[in-house]
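Number 23 in our numbering belongs to position 4 of the sequence shown; there are no gaps in the numbering.
Every residue gets a Cβ at the ideal spot worked out from N, C-alpha and C, and that includes glycine.
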Amino acid sequence: QPQAFLGLTFNWGALLGWAAIKGSLDPSVIVPLYTAGICWTLVYDTIYAHQDKEDDLKVGVKSTALRFGDSTKQWISAFGTASIGSFALSGYSAELAWPYYPLLTAAAAQLAWQITTVDLSDRMDCNRKFVSNKWFGALVFWGIVFGRLAS
Numbered sequence: 020q021p022q023a024f025l026g027l028t029f030n031w032g033a034l035l036g037w038a039a040i041k042g043s044l045d046p047s048v049i050v051p052l053y054t055a056g057i058c059w060t061l062v063y064d065t066i067y068a069h070q071d072k073e074d075d076l077k078v079g080v081k082s083t084a085l086r087f088g089d090s091t092k093q094w095i096s097a098f099g100t101a102s103i104g105s106f107a108l109s110g111y112s113a114e115l116a117w118p119y120y121p122l123l124t125a126a127a128a129q130l131a132w133q134i135t136t137v138d139l140s141d142r143m144d145c146n147r148k149f150v151s152n153k154w155f156g157a158l159v160f161w162g163i164v165f166g167r168l169a170s
């Protein structure tokens with residue numbers, strides 16, 4: 020599954036960044052943070068993969084778009100829920116203050132909007148939803164920044 024591999028590799032930076040800043044690895048923070056990132060990647064890259072699922076089928080790419088098929092929305096809903104829950108746990112373990120949680124809630128709403136409104140048979144809509152992940156990432160980022168500044 021290319022989406023799973025992408026999630027594992029893209030989010031490795033969370034572990035490295037934490038270790039570089041803190042000088043150690045705190046599993047209570049980094050495991051849920053890494054998990055959150057992987058699950059988020061599975062959401063956005065599965066949406067992205069629906070743009071070229073016909074090509075994947077022709078060349079033999081075993082994408083999550085093909086694997087999940089008609090149950091894609093259920094799968095990405097589960098990964099989205101796991102991502103938000105893991106971000107919340109990581110924030111709690113990192114002792115982020117109250118601003119983190121309203122911004123994470125806004126990010127959850129943005130992710131829920133993507134999942135519930137995406138038309139997986141419309142390449143343009145898949146692309147719009149994929150690109151909208153910049154807002155999800157920005158909300159989580161600012162939640163971390165303001166959650167740290169307020170703590």
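Take G166, set aside five residues on each side of it, and the residues of its chain with a beta-carbon closer than 7 Å to its own are G110, L115, A116, P118, Y119, in chain order.
The alpha helix (DSSP H) runs of length 4 or more contained entirely in the region 36 to 68 are, from start to end of the chain, 46 to 68. Rounded to the nearest whole angstrom, the C-alpha separation of K148 and Q129 is 10 Å. I57 is the residue among L139, I57, S140 whose C-alpha sits nearest the C-alpha of S102. In its chain, beyond the 5 residues on either side, S105, L108, S109 have a beta carbon closer than 6 Å to the beta carbon of P51.
Around the CB of V78, fewer than 16 other CB atoms lie within 10 Å, so the residue is classed as exposed. Here L158 is near L123, since their CB atoms are less than 9 Å apart.
Here A84 really is in contact with A68; their C-beta atoms are around 4 Å apart, less than 8 Å. If you look at P21, you'll find it in the alpha helix (DSSP H) that goes 21 to 29. Across the structure, G162 and N146 are spaced so that their CA atoms are roughly 25 Å apart.
Measuring C-alpha to C-alpha distances from V62 to each of G36, M143, T135 identifies T135 as the nearest.
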